[in-house]
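Each remark here refers to the structure printed beneath this line.
Protein chains: 2
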Amino acid sequence: MNVKRYLPILDWAPRYGRDQATSDMVAAVIVTVMLIPQSLAYALLAGLPAQVGLYASILPLVIYAIFGTSRTLSVGPVAVASLMTAAALAPIAEAGTSAYIAGAVLLAVMSGIMLTLMGVFRLGFLANFLSHPVISGFITASGIVIGASQLKHIFGVEASGHNLIEIIHAIGVSIGETNGYTLAIGVGAWAFLMLARKHVKPLLKGLGIKPRLADILAKTAPILAVVVTTLLAWFFNLDEKGVRLVGAVPSGLPEFTMPPLDTGLWSQLAVSALLISVVGFVESVSVGQTLAAKRRQRIDPDQELIGLGTANLGSGFSGGMPVTGGFSRSVVNFEAGAETPASGAYAAVGIALATLFLTPAIAYLPQATLAATIIVAVTTLIDLPALGRTYRYSRTDFGAMLATIVLTLVHSVEAGIIAGVALSIGLFLFRTSRPHCAVVGRVPGTEHFRNVLRHDVELCPKVTFLRVDESLYFANARFLEETVLDLITREPELTDVVLVCPAVNLVDASALESLEAINERLHDAGVRLHLSEVKGPVMDRLKGTEFLAHLAGRVFLSTFEAWQALTNKPDRMMCSK
Amino acid sequence: MNVKRYLPILDWAPRYGRDQATSDMVAAVIVTVMLIPQSLAYALLAGLPAQVGLYASILPLVIYAIFGTSRTLSVGPVAVASLMTAAALAPIAEAGTSAYIAGAVLLAVMSGIMLTLMGVFRLGFLANFLSHPVISGFITASGIVIGASQLKHIFGVEASGHNLIEIIHAIGVSIGETNGYTLAIGVGAWAFLMLARKHVKPLLKGLGIKPRLADILAKTAPILAVVVTTLLAWFFNLDEKGVRLVGAVPSGLPEFTMPPLDTGLWSQLAVSALLISVVGFVESVSVGQTLAAKRRQRIDPDQELIGLGTANLGSGFSGGMPVTGGFSRSVVNFEAGAETPASGAYAAVGIALATLFLTPAIAYLPQATLAATIIVAVTTLIDLPALGRTYRYSRTDFGAMLATIVLTLVHSVEAGIIAGVALSIGLFLFRTSRPHCAVVGRVPGTEHFRNVLRHDVELCPKVTFLRVDESLYFANARFLEETVLDLITREPELTDVVLVCPAVNLVDASALESLEAINERLHDAGVRLHLSEVKGPVMDRLKGTEFLAHLAGRVFLSTFEAWQALTNKPDRMMCSK
Chain A
1 MNVKRYLPIL
11 DWAPRYGRDQ
21 ATSDMVAAVI
31 VTVMLIPQSL
41 AYALLAGLPA
51 QVGLYASILP
61 LVIYAIFGTS
71 RTLSVGPVAV
81 ASLMTAAALA
91 PIAEAGTSAY
101 IAGAVLLAVM
111 SGIMLTLMGV
121 FRLGFLANFL
131 SHPVISGFIT
141 ASGIVIGASQ
151 LKHIFGVEAS
161 GHNLIEIIHA
171 IGVSIGETNG
181 YTLAIGVGAW
191 AFLMLARKHV
201 KPLLKGLGIK
211 PRLADILAKT
221 APILAVVVTT
231 LLAWFFNLDE
241 KGVRLVGAVP
251 SGLPEFTMPP
261 LDTGLWSQLA
271 VSALLISVVG
281 FVESVSVGQT
291 LAAKRRQRID
301 PDQELIGLGT
311 ANLGSGFSGG
321 MPVTGGFSRS
331 VVNFEAGAET
341 PASGAYAAVG
351 IALATLFLTP
361 AIAYLPQATL
371 AATIIVAVTT
381 LIDLPALGRT
391 YRYSRTDFGA
401 MLATIVLTLV
411 HSVEAGIIAG
421 VALSIGLFLF
431 RTSRPHCAVV
441 GRVPGTEHFR
451 NVLRHDVELC
461 PKVTFLRVDE
471 SLYFANARFL
481 EETVLDLITR
491 EPELTDVVLV
501 CPAVNLVDAS
511 ALESLEAINE
521 RLHDAGVRLH
531 LSEVKGPVMD
541 RLKGTEFLAH
551 LAGRVFLSTF
561 EAWQALTNKP
571 DRMMCSK
Chain B
1 MNVKRYLPIL
11 DWAPRYGRDQ
21 ATSDMVAAVI
31 VTVMLIPQSL
41 AYALLAGLPA
51 QVGLYASILP
61 LVIYAIFGTS
71 RTLSVGPVAV
81 ASLMTAAALA
91 PIAEAGTSAY
101 IAGAVLLAVM
111 SGIMLTLMGV
121 FRLGFLANFL
131 SHPVISGFIT
141 ASGIVIGASQ
151 LKHIFGVEAS
161 GHNLIEIIHA
171 IGVSIGETNG
181 YTLAIGVGAW
191 AFLMLARKHV
201 KPLLKGLGIK
211 PRLADILAKT
221 APILAVVVTT
231 LLAWFFNLDE
241 KGVRLVGAVP
251 SGLPEFTMPP
261 LDTGLWSQLA
271 VSALLISVVG
281 FVESVSVGQT
291 LAAKRRQRID
301 PDQELIGLGT
311 ANLGSGFSGG
321 MPVTGGFSRS
331 VVNFEAGAET
341 PASGAYAAVG
351 IALATLFLTP
361 AIAYLPQATL
371 AATIIVAVTT
381 LIDLPALGRT
391 YRYSRTDFGA
401 MLATIVLTLV
411 HSVEAGIIAG
421 VALSIGLFLF
431 RTSRPHCAVV
441 GRVPGTEHFR
451 NVLRHDVELC
461 PKVTFLRVDE
471 SLYFANARFL
481 EETVLDLITR
491 EPELTDVVLV
501 CPAVNLVDAS
511 ALESLEAINE
521 RLHDAGVRLH
531 LSEVKGPVMD
541 RLKGTEFLAH
551 LAGRVFLSTF
561 EAWQALTNKP
571 DRMMCSK
């Protein structure tokens, strides 16, 4: 066993020096300042007490620093995984109850086990089943659902629901009970954060601050909103005026937590845990790869599975919730100059200190402020132009994307993603099941062959050259049979059919049987089947099969060779009768 | 709407003449003689009263003659569909009860609706999801299970079960109660049929009968076994000696039957009905195509769906069971000279006459005789050498086949076929998710480029030519990113990467985004991305995308053009630094 593969920390820790430590610590301070409100907010989004978000931001970061391969990924609670956690736990228990919290712990542990096993068995390719349009549509729809779900905190009303329809309906019913103070704080924080996002950077640059630093400082606006509204709530006793605050948060570091061992619960949450794992993994890897490439570094997706898996195990066993790599935090970490995963470990120290010393203050934090930070954060997830881009490029991809979005919005996140995956696989198989086929003819005077429908080419009435632009496998084996049989019923004079195969990357057992059947049926009809331009690896397999032994015709290296051999007068316009 | 498309009978009926009618009638007589014992036996196999098999062999044949496109397919009860019917109905009701019979009617109606709708919406391609190895493995395993399930009738014992383990166990428990008379009849009939299959043909030929006729006569052996054992049972009153007979069969034509309208039952049987439909369709089409090609005729798979669908509707509404095209009967029909589907309608008349006049005799038919005909018939389904052939050709196809066989044998037919389909799709996606990629170099002095690992070719240290032998889509988009990023981390001198794309038949939206990401990451690392030999349809799509607008490098028509442009000294062994 290669120890280094499983412990990427051995790659960088032995050469870790003071300069790197300084860079990592600076980045860690900035990430910590971002992470405190985010971890509280995403716990709230998941329906969990605020401290669960903090717990999920301590041990997982330390563990990822040991097992992760990205130098700059910032692991912790993220918006989409929190929404999926809430959706998974809703049928299990009432939000905030001890059974609900135990469910979140179990989800983290199961997700940890699944990711780690997938990493050990190198099953990272499973994430490939999530096509980009499906992931993109899913994240857009999740962002919309998350944003909508936070409106109740802005209005200060009771309203719950796990899809857009339920949420809008619930808010519509209860909007009469809006709390004015809450609304003022929520809208105020929201407006402040939006303005900060748009105008603070230019302002800071105007003050002579370097663009990169200005960028980073602008990202710390949420902590300012948190501090100001917390002070307001404390000073004006806003909880007595009906403003919902985070409330008492236990002080102190997380303790060891056992997940519930109820097997019924495990099987009930299995699909949710798998989806949270895979979605989180895909997001982490794409952020990690983007950042790594900028410095010509590499991440190892299979080891990333182990890094994220062990981080989730750490989160679960320390009373946390499912975690993964967050996009905005990782970018900030990268741009603030983090050089090694140690930066994450330092941020964990920051969060641990917050858990020890800041909890009395957090009690006064209005939930509306957290809701505003969530809403502003998720707007970056919503990518509606992607719909148009995908539509213009490919209708089938667009179909899968739209189905994902619509089902996520109107039904549930799980239905959305499952439908998206099923549809993209189905549409891909459908597309390859009717491959592009072209009858080709010779470009006069050359050795090249082109589609008769697109080019002015020489033909021979007795020999048809059919080019198939796809690997031959079970989904199109029957299509091939039908195409060739159509050919011979349409052309009664035909004596030879040449399958031109430069684009055939694979011939599976089904296609082999179809080729045998085609050969036999053509033979019954007095027509010989030939092949040309068969690729090396495909030919290697065909050798020794009965198909080649029974093939009525020949296998030609080039289509021109077949033309010369079968049409007799290779240099005339028309071949002999 | 094209009436002729939906009514293939209009193709042949207007020109139907006396010669054709004579040929069709001769074939019909022979098929009827085969069909009587088969329809009784397959009803028995499905756990249904004998008359249900007869009912399923009347109206469906007439309807198929109107809507079917195969000239010679013989529709009716078949072994595998009967086994699947029994498996589907086992959890619903006790075999032979009225609820069970109503379930069979419902299965036929649902299967009819599904097939007809699939035909109208041209969804015949769905059948492609059943790869040949899965179908072949499934039929082999079904044959084994069917054969084993009939042993209880040969021994005359009570034993039930829906997979090999249950059946063997049940027979083991009850074998002590074997009935000697039943065993004698069963083994006698079995031996007779085996001998007939092997030796009757040569014997008849020796008597001067033409080979084709001898072949057909040999296939009528089952009716002889039926007649002889029925006479024995009647003459010696064998039912009083414990030999189980078919028993009283109601005389007369089938009546209109309504399927149960219980929605719970419909949803419970939906998956089974779909599997029966698809498996039946695949078998019918492959038999139909094989026979049609011998006469340079064509069948239309989408219209076949309508033909089989309406035949199943007819079967259900006349108190029958699921039907499809039978392999052996269709071959006999073809070889006996049937020229049009009218032959099937004539056979229906034969079965109707049998239902009217032969039922008193059928009451004395020993079940052991029917079991023997089933066992002999299904041995032709079992194709064990296919396992070896598939293993030698492709391990992945073999894996799907083996899983199908094992699950069908030890669990159930439905688990077997679902696992086979899921596995073949999964393995195909896995296979294409790690496509064959080769760094290629120039064959010295030519314009050709070949794999550096297989050939002695020219290279350039600053430019890498990477050929990808697969369409680019979501399952391999990430693999491509990793492959290219690996390349640039391994080769620090690299300035240009050329993706050589002659085998890329498709670039979906996921792969497009991956190409964008690759281009961007290479750009960040100071490397330009180029493409060469992009196919026409792929290029048509890429035009107008942001990827082409942002592409750091160029799109070259040929790889040689790229070589000339990027390596500066196209005719030297080494390119310039």
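Taken in sequence, the protein lines are chains A and B. The numbering of the first sequence is the UniProt record's numbering, which starts it at 1 and goes up by one. The numbering of the second sequence is the UniProt record's numbering, which starts it at 1 and goes up by one. For glycine and all other residues, C-beta sits at the position ideal for the given N, C-alpha and C.
Output the distance between the C-alpha atoms of residue i and residue j, rounded to the nearest integer angstrom.
i        : j        : result
A/VAL249 : A/LEU45  : 16 Å
B/SER343 : B/ASP24  : 4 Å
A/ASN128 : A/ARG122 : 13 Å
A/LEU485 : B/ALA422 : 29 Å
B/MET574 : A/LYS543 : Low per-residue confidence applies at B/MET574: pLDDT is 47, beneath 50, and the placement is therefore not dependable enough to give any value.
A/ILE417 : A/GLU283 : 14 Å
A/PRO322 : A/PRO60  : 10 Å
B/PRO49  : B/ALA372 : 18 Å
A/SER74  : A/PRO254 : 20 Å
A/ALA41  : A/ASP239 : 18 Å
A/GLY337 : A/LEU193 : 24 Å
A/ARG329 : A/LEU261 : 34 Å
A/THR359 : A/LEU370 : 15 Å
B/LYS577 : B/LEU499 : At B/LYS577 the pLDDT is 37, less than 50, meaning the model places this residue with poor confidence; the figure from the coordinates comes in the next sentence. Each residue's Cα considered, the two are about 21 Å apart.
A/ALA95  : A/GLY47  : 5 Å
B/ALA293 : A/ILE518 : 9 Å
B/GLY314 : B/ARG244 : 31 Å
Using DSSP bridges, identify the partner residues of residue i.
i        : result
A/GLY326 : A/SER74
A/ARG450 : A/GLY441
Measure from the alpha carbon of residue i to the alpha carbon of each residue in the options, then state which is nearest.
i                      : options                                   : result
A/THR69                : A/GLY399, A/PRO301, A/SER330 and A/ALA336 : A/PRO301
B/THR72                : B/VAL31, B/LEU522, B/LEU89 and B/SER82    : B/VAL31
B/GLY242               : B/ALA477, B/TYR364 and B/VAL228           : B/TYR364
B/ASP456               : B/PRO444, B/LYS462 and B/ALA509           : B/PRO444
A/ALA475               : A/ILE417, A/LEU466, A/ARG434 and A/PRO492 : A/ARG434
A/LEU217               : A/VAL507, A/LEU459 and A/VAL26            : A/VAL26
residue 579 of chain B : B/SER277, B/TYR346 and B/ILE9             : One cannot answer for residue 579 of chain B here, as it falls past the ends of chain B, which runs 1 to 577.
A/THR230               : A/SER74, A/MET401, A/ALA189 and A/ASN519  : A/ALA189
A/THR545               : A/ALA148, A/VAL378, A/LEU515 and A/THR22  : A/LEU515
A/LEU106               : A/VAL331, A/VAL271 and A/ALA517           : A/VAL271
B/VAL440               : B/THR324, B/THR489, B/PRO502 and B/ARG478 : B/PRO502
B/ARG197               : B/ILE209, B/ALA184 and B/PRO222           : B/PRO222
A/GLN20                : A/PRO537, A/PRO341 and A/ALA191           : A/PRO341
A/ALA400               : A/GLY103, A/SER412, A/LEU130 and A/LEU195 : A/LEU130
B/ALA354               : B/VAL29, B/VAL555, B/ASP11 and B/ARG15    : B/VAL29
B/ALA87                : B/LEU269, B/LEU494, B/GLY137 and B/ILE171 : B/LEU269
Along the alpha helix (DSSP H) that carries residue i, what are the first and last residues, could you check?
i        : result
B/PHE235 : 221 to 235
B/THR432 : 413 to 433
A/PRO37  : 18 to 45
A/ASP215 : 211 to 218
Does residue i have its Cβ less than 8 Å from a Cβ in chain C?
i       : result
A/ARG71 : In summary, chain C is missing from the structure at hand, where the protein chains are A and B.
Item to check | Runs of alpha helix (DSSP H) wholly within the region 98 to 140 of chain A (minimum 4 residues, chain order) | outcome: 98 to 120
Item to check | Entirely enclosed beta strand (DSSP E) segments - the UniProt domain "STAS" (453 to 566) of chain B, minimum 3 residues | outcome: 463 to 468, 496 to 500 and 528 to 532
Item to check | Ordered list of alpha helix (DSSP H) runs contained in the region 245 to 317 of chain A, each at least 4 residues | outcome: 263 to 294 and 301 to 317
Checklist entry - Taking the runs of the alpha helix (DSSP H) that are 4 residues or longer, which of them lie wholly in the region 351 to 410 of chain B? => result 359 to 362, 367 to 379, 385 to 393 and 395 to 410
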